[in-house]
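Protein chains in written order, with our numbering: chain A, 1 to 222; chain B, 1001 to 1733; chain C, 2001 to 2079; chain D, 3001 to 3079.
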Amino acid sequence: MKSAVIVFPASNCDRDAKVALKQMTGKTPAMVWHQDSELPDVDLVVLPGGFSYGDYLRCGAMASQSAVMRSVKAHADKGGMVLGVCNGFQVLTESHMLPGALMRNAALKFVCKPVGLEVQETQSGFTRKYENGQRVTFPVAHGEGSYFADEDTLDRLEGENRVAFRYAKGENPNGSARNIAGILSEKRNVLGLMPHPERVVDDVLGGTDGRALFQSLIEALS
Amino acid sequence: MKITPEMVREHGLSDAEYARILELMGREPSFVELGIFSVMWSEHCSYKSTRFHLKKLPTKAPWVIQGPGENAGVIDIGDGDAAIFKMESHNHPSFIEPYQGAATGVGGIMRDVFTMGARPIAMMNALRFGEPGHPKTRHLVSGVVSGIGGYGNCMGVPTVGGEVNFHPSYNGNILVNAMCVGLARQDKIFLSAAKGAGNPVVYVGSKTGRDGIHGATMASAEFDDASEEKRPTVQVGDPFTEKLLLEACLELMATDAIIAIQDMGAAGLTSSSAEMGDKGGSGIELDLDKVPQRETNMTAYEMMLSESQERMLAVLKPGREAQAEAIFKKWELDFAVIGITTDTSRLVVKHKGKVEADMPITALSDAAPVYERPYTERKPQTGEPKYDKAKPVLASLKTILASPDMASRRWVWEQYDHTVMSDTAQVPGGDAAVVRIHGTNKALAITTDVTPRYCRPDPFEGGKQAVAEAWRNLTAVGALPLAVTDNLNYGNPQKPEIMWEIVAGIDGIGAACRALDFPVIGGNCSLYNETNGEGILPTPAIGAVGLMKDVTKMATVAFKRTGDVVILIGETKGHLGQSIYLREIEGKEEGASPKVDLAIEKKHGDFVRKLIEAGRVDTVHDISDGGLLVTIAEMAMPRGIGASIGIAGLPEAIPFWFGEDQARYVIAAPFAEAEKIVAEARAAFITVAELGKTGGDKITLDSKDSISVADLKAGFENWFPNFMAGEEIPVTN
Amino acid sequence: MKARVFITLKNGVLDPQGKAIGHALNGLGFASVGEVRQGKVIDLELSGSDAGKAREELKAMCEKLLANTVIEKYEIEIK
Amino acid sequence: MKARVFITLKNGVLDPQGKAIGHALNGLGFASVGEVRQGKVIDLELSGSDAGKAREELKAMCEKLLANTVIEKYEIEIK
Ligand SMILES: Nc1ncnc2c1ncn2[C@@H]1O[C@H](COP(=O)(O)OP(=O)(O)O)[C@@H](O)[C@H]1O
Ligand SMILES: [Mg+2]
């Protein structure tokens, strides 16, 4: 499986994503600069966490306009897989590759802590190695992760089984609508989520619940 | 412009100092020169009150690569790697504008570290606020914490720990001390000596504005039309630009284009150019017309004194300008060649065709005043405080755990991204943070410590204790303590009783560092922390770093199994003077501060560390604030595993459970291992006691009274969020 | 030419920040304060002098970048 | 009664957000955009109908809570 990690000027989980991909797939991903308009020939594109352009104006807003995002969209349109984590999720909604928006946390504070999630949908290349309803723990680290969409959109997401991860009962860290933590695109080849699976692949760091996400990708893309 | 006595005074220079300036210059200084003298001779830049005493600190060890004097200290951590770290205060700006003050404090200390070639890998912060009930406290806590998070989170450097205290002595003077730890290769460390003549001096980063210009702005005719426009303004941080600056600098450092590099911190262009010239033994000539400017009509005075953030000054090898410029352009940062090094040893500043300053650099450095300020020695406070022996122990435990200085700081550290960079092996809440060296199995342990309430009654013992506690915290996770950076926060050194606190504090730190083989490789002094004549508690914060060879052996405070034997290492006499118990339960701050026996400290610590390194023990907590019972509760709460403990033949329960005797640890280990450990301790003449066993969901004392761990935890966890719930509005943009 | 753009949350989109401000103001004794909403104001210097053209351009800026029209609406003011 | 309060950075205070927005707009081809500054707008519902009194109250709210007068200035508009 070949992958690429997009690097915006103030991405800061790009290395974390690279290390996790390397550890899980055995191959070092290509690191692609935001001003590059071409993507290398890869199966998976990762939009990492961080602050892309300082998260000024709105998180992910300026990144969604960058040169590389046109290619990322084209990659997704052709059915290529795209994973957006945290700031990457924000970039995906700002680019309209996923519906809805991520708003300031309800408590108005940045929050970094492990949260319990439920895997809601295993019919995807990102989640097939999880069990339906499986409880996992991923850390979150964001100030604007409250998922918002109008009721129709939320109904449709649920109706089409596109909610991949939900915060478990009592665990919603940011006020997200219907406890949504991560959603799939219509074609199910784009996943955006606020929690960080790449921070839980290594035992020393207190958890390995993120591994199955990368294992799913490997299986789906081989 | 004629310099008047008024101007001299408003630049914070004494008559004697000004006389010395006239002598050094051989003429009256220009207004710009006066401004330059005033910042370079300020307490902040020249350490004029403390330099004499700081010299007494031990700064050497085989593993010290760079001691005090550079932007940050450097130690050898094996395999060609170096840890580079430093702590710095941003107290006053944080009181004026807590969010920006704290944010720019974080930005400043990060630049000190990456200017030396290191990638920052961890941040810490030591915070002191006024009493919780003071009308400003909540607002300050909220602003400072979001400012630290706002900057550090964007930089993508994990903020992994620190400390928070509340005390009325900080009502008008909060302390915000930030520490940054970075990682570099030993053969890629950059210094600030601008050696050689004819080399280009380049300016990179943000543009210069009128940020944070202090001093005599009002005295100057240039400010006659002092409009809103020209008012000195608070520095605002731009972490996005800093992130670009970090990446661009590291990219440039990977080439061999740099001769010297230095961040522009306090007194911006002035101190960076003077220090680089001074260290390199060369002169520097600056052309201010070339300086990237954010505002119009800036004067030479303003540019030389501006404290705009996110800027660096570098001296390049000739001919490398284009290569460097390409890198900074890629990161969309300003880049300008603004000067050249010379062989004159003078700082020359030109602006609009006029020479605004021309002065010998040594006048700014070597010739800066050093004072041996008079001090009045004060006998340490003594006495055994009285207390009510009938007070129930477990009820007091609950009260203490839910008190401002002891309650969980989760509310604080959950606002910091403490796991970014995917190397945080121990998150905040334990004895020390542990951050793995990327791609290896080794790790750095990091802590900051000081117990200010011990430092007023006994500044010497307080200084010792701060170092000992830092050393103990590193030991408790299994690290070998290597070196210290300090942040000496005190009141007005021109008062002999305060000067005594400074001198004794430094002596105490020195004594402990020598005994523990724990050199000081950098530091910062923040003096004049006073409002209306009321000084803060002496607060010599100690930041310290230790090394773990094998991160998988790391110990944590949490009880992990049922049936583990709870072992107390160290002697308990029951020292209640200046204890948390006395303050929270009896409502008084009295008696002698606890004394640290440094030889015993070392012996106990070495014993505990060996057990951890050998993989024999994974559950350790040192005993500090609150005493033994608080320590045990802190071990029980993380996983809700209780313990049944007690000790036979106690003459008095309260001092035993709550005394703050030093050099102690609690460890928990399975029975067979525990028996061996106790025997080995006895054989080594270490005081050791078996207190009981872990298990259940209660803490039970002497098989009689008990209290639910969940109950304790509720109080412990809720104090901070409940306190902050009355907050006005979280700082947002 | 100077322009000011207001970006505010659409009706029906929850505004926790506005709510917190309202709450805090009430808490400070400003009893007359009812609903509070917070938005952004962006002041721009524009070269050129054709106000109509400027308005068109500002609209494009809002649609493309300044506002997220999923949750926000905008108003343009040319001074 | 409705009121609108504008809170903007004082002149001379660095505005990293505004700077970044201006930069981004130029990058998107809006070449006419010069300096950009970002501020807040707060819309409040007020009970009572005395505009003069309301203005006084709003001023107090700004000084006490809404603006950080160390770096920000404010304008009040009553509709
Ligand atoms: N300002 C802060 N930022 C981050 N973590 C903090 C802060 N203050 C305290 N902590 C964390 O809370 C824990 C308890 O702090 P403290 O009581 O000072 O520890 P100790 O007694 O071991 O020195 C530590 O892990 C510390 O890192
Ligand atoms: Mg400790």
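All C-beta atoms, glycine included, are put in the ideal place defined by N, C-alpha and C. Source: prediction; values computed, not measured.
- Rounded to whole angstroms, P40 of chain A and S71 of chain A show a C-alpha spacing of 10 Å.
- The stretch 3038-3072 of chain D is shown to contain whole alpha helix (DSSP H) runs of 4 or more residues at 3051-3061, in chain order.
- At a cut-off of 7 Å between beta carbons, Q65 of chain A contacts chain D.
- With respect to the 7 Å criterion, A1515 of chain B and L1598 of chain B are classified as neighbours on the basis of their beta carbons.
- As the crow flies, the alpha-carbon of L1691 of chain B is around 36 Å from that of M1123 of chain B.
- By a beta-carbon distance limit of 8 Å, V91 of chain A does not contact S124 of chain A. Their separation comes to about 20 Å.
- Close to chain D, meaning a Cβ-Cβ distance shorter than 9 Å, are the following residues of the stretch 2032-2044 of chain C: S2032, V2033, G2034, E2035, V2036, R2037, Q2038, G2039, K2040, V2041, I2042, D2043, L2044.
- Within the DSSP bridge table, the entry for P1481 of chain B names B:G1546 as partners.
- Around the beta carbon of T1341 of chain B, a 10 Å sphere encloses 16 or more other beta carbons of the protein chains shown; the residue is thus reported as buried.
- Taking CB atoms only, M62 of chain A has a neighbour in chain D less than 7 Å away.
- Residue-level contact check: L3028 of chain D touches chain A, since one or more beta carbons of chain A fall below 7 Å from its beta carbon.
- Taking each of B:A1511, B:G1563, B:P1540 in turn and checking the Cα distance to P1058 of chain B, the smallest one comes out for B:A1511.
- Rounded to whole angstroms, the separation of the alpha carbons of D203 of chain A and G210 of chain A is 11 Å.
- T1619 of chain B carries a strand assignment under DSSP once its states are collapsed to helix, strand and coil.
- Annotated as proximal: K1713 of chain B and M1637 of chain B, with beta-carbon spacing under 7 Å.
- For D1187 of chain B, the number of other beta carbons within 10 angstroms of its own is below 16, and it is reported as exposed.
- With contacts defined as CB atoms closer than 7 Å, I1506 of chain B and V1450 of chain B fail to qualify as a contacting pair.
- When C-beta distances to chain C are compared with 7 Å, the residues of the stretch 3048-3063 of chain D below that value are G3048, E3057, M3061, in chain order.
- In the pairwise beta carbon analysis, the stretch 1021-1035 of chain B is classified as not touching the stretch 1055-1071 of chain B: fewer than three pairs are separated by under 8 Å.
- With respect to D1661 of chain B, K1595 of chain B sits apart: the two C-beta atoms are not nearer than 7 Å.
- Against I2071 of chain C, the close residues of chain A are A101, M103, F148, in the order they occur along the chain (beta-carbon pairs closer than 8 Å).
- The contact set of L3046 of chain D on chain B, defined by CB atoms closer than 9 Å, is empty, because the minimum CB distance reaches about 18 Å.
- Where Q90 of chain A is concerned, the enclosing alpha helix (DSSP H) starts and stops at 87-94.
- In this structure, Y1454 of chain B keeps its C-beta atom at 7 Å or more from the C-beta atom of G1463 of chain B.
- In the assembly as shown, H96 of chain A is an exposed residue. Its beta-carbon has fewer than 16 other beta-carbons within 10 Å.
- Selection C:A2024, C:K2059, C:G2018 evaluated against T2069 of chain C yields C:K2059 as nearest (Cα-Cα).
- Here DSSP, grouped into helix, strand and coil, assigns S1422 of chain B to coil.
- With its beta carbon at least 7 Å from every one in chain D, L2009 of chain C lies outside the interface.
- Interface flag for A10 of chain A against chain C is unset, since no Cβ pair is found closer than 7 Å.
- Taking a C-beta distance under 7 Å as the contact criterion, G79 of chain A and G192 of chain A do not qualify as a contact pair.
- At a cut-off of 7 Å between beta-carbon atoms, D1417 of chain B makes contact with chain A.
- In the three-state reduction of the DSSP assignment, D1405 of chain B falls in the coil class.
- Contact between N1091 of chain B and I1174 of chain B holds, with the beta-carbon distance rounding to 6 Å and staying under 8 Å.
- For the set C:K2053, C:L2044, C:E2056, C:A2031, the Cα lying nearest the Cα of S3047 of chain D is the one of C:A2031.
- Of the other Cβ atoms in all chains shown, 16 or more fall within 10 Å of the Cβ of E2072 of chain C; this residue is therefore buried.
- Nearest in C-alpha terms to G3018 of chain D, of all of D:A3003, D:I3076, D:G3034, is D:G3034.
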